[in-house]
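Take a look at the structure set out below.
In the numbering used here, the protein residues as written are 18 to 265.
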């Protein structure tokens, strides 16, 4: 049996909903969408939350009732996802498409360093995850900036403003105000996969759509097999989201 909890049962969008499933509690995120024609429900096992999308004038009570009716499906979605990968001493994590063992020692420098097949890190052991992930994000920003510069030169586009995020559903985005946002977790993927996403967003600087002209421009800019890169992300992208998901 499941129960949805909220101290606020008004028709305003609630911010404190959660549902109990098999003794565990999961937050429910509700949003209205002008594009939605019906209630849609999704489970995010990585972040451990449930998302409800409503039409602009949809009923929240109806949406919660619908969620209650889908508890078995939700339990299955959460059960089928592998556990988060803790970034701690002795664990294997990906970086630039290769696997490295996280190695902690009080004798190592606080700033993570790659030595052979290890990411070595010092400082307090209880901060290993924070230090390694912060280092990966810094590496991502530096690497993406170089990728952007290279692809913008090929595309004859002005280098856009770059920001780093951790979106669950998008690896990259390009906005109309000439800025590109990329997921820091791409730094863990093979370089050709990461670069395909960067090139994709650079191509959007000239074509804000997915027309034939866009793909022709992308194929001119990107040197690799974009379809193979897309397939890799579909097959392995969820694993990248699992790294450090227990704390980040």
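Where is the CB? At the ideal position from N, CA and C, for every residue including glycine.
Inter-residue Cα distance where the pair is residue i and residue j
i, j, result
"residue 124", "residue 116", "23 Å"
"residue 196", "residue 179", "6 Å"
"residue 266", "residue 146", "Missing from the structure shown is residue 266; the chain here goes from 18 to 265 and no further."
"residue 79", "residue 92", "20 Å"
"residue 193", "residue 182", "18 Å"
"residue 168", "residue 160", "12 Å"
"residue 184", "residue 44", "17 Å"
"residue 234", "residue 177", "17 Å"
"residue 131", "residue 119", "9 Å"
"residue 82", "residue 101", "30 Å"
"residue 202", "residue 37", "30 Å"
"residue 256", "residue 96", "15 Å"
"residue 110", "residue 51", "40 Å"
"residue 104", "residue 232", "37 Å"
"residue 208", "residue 219", "16 Å"
"residue 143", "residue 258", "21 Å"
Three-state class that DSSP yields for residue i in the structure shown
i, result
"residue 125", "coil"
"residue 18", "For residue 18, the predicted structure reports a pLDDT of 42, less than 50, and the residue's modelled location is therefore unreliable. A value from the coordinates is still provided. Three-state DSSP puts residue 18 in coil, outside helix and strand."
"residue 141", "coil"
"residue 195", "coil"
"residue 189", "strand"
"residue 64", "coil"
"residue 254", "helix"
"residue 92", "helix"
"residue 135", "strand"
"residue 105", "coil"
"residue 77", "helix"
"residue 37", "strand"
"residue 25", "Caution is warranted here: a pLDDT of 48 is assigned to residue 25, below 50, making its placement in the model unreliable, and the coordinate value is therefore given only provisionally. Residue 25: coil per DSSP, three-state reduction."
Residue i burial status per 10 Å Cβ neighbour count (16 or more: buried)
i, result
"residue 75", "buried"
"residue 26", "In this prediction, residue 26 scores a pLDDT of 48, lower than 50, which makes its location untrustworthy; the coordinate-derived value is nonetheless stated afterwards. Residue 26 is exposed by the Cβ-count criterion."
"residue 152", "buried"
"residue 47", "buried"
"residue 189", "buried"
"residue 24", "Because the pLDDT at residue 24 is just 45, under 50, the model does not fix this residue reliably, and the value given afterwards should be weighed accordingly. By the 10 Å Cβ count, residue 24 comes out exposed."
"residue 230", "exposed"
"residue 173", "exposed"
"residue 237", "exposed"
"residue 122", "exposed"
"residue 127", "exposed"
DSSP beta-bridge partners of residue i
i, result
"residue 111", "116"
"residue 48", "70"
"residue 181", "199"
"residue 222", "Paired residues: none, contrary to the question."
"residue 238", "According to DSSP, residue 238 bridges with nothing at all."
"residue 214", "In DSSP, residue 214 forms no bridge with anything."
"residue 57", "70"
Quiz prompt | Given 8 Å, three or more beta-carbon pairs between the stretch 70-88 and the stretch 244-251 | solution = Counting Cβ pairs under 8 Å, fewer than three are found: no touch.
Quiz item: Hey, is the stretch 203-223 in contact with the stretch 59-66, meaning 3+ C-beta pairs nearer than 8 Å?
Solution: In the pairwise beta carbon analysis, the stretch 203-223 is classified as not touching the stretch 59-66: fewer than three pairs are separated by under 8 Å.
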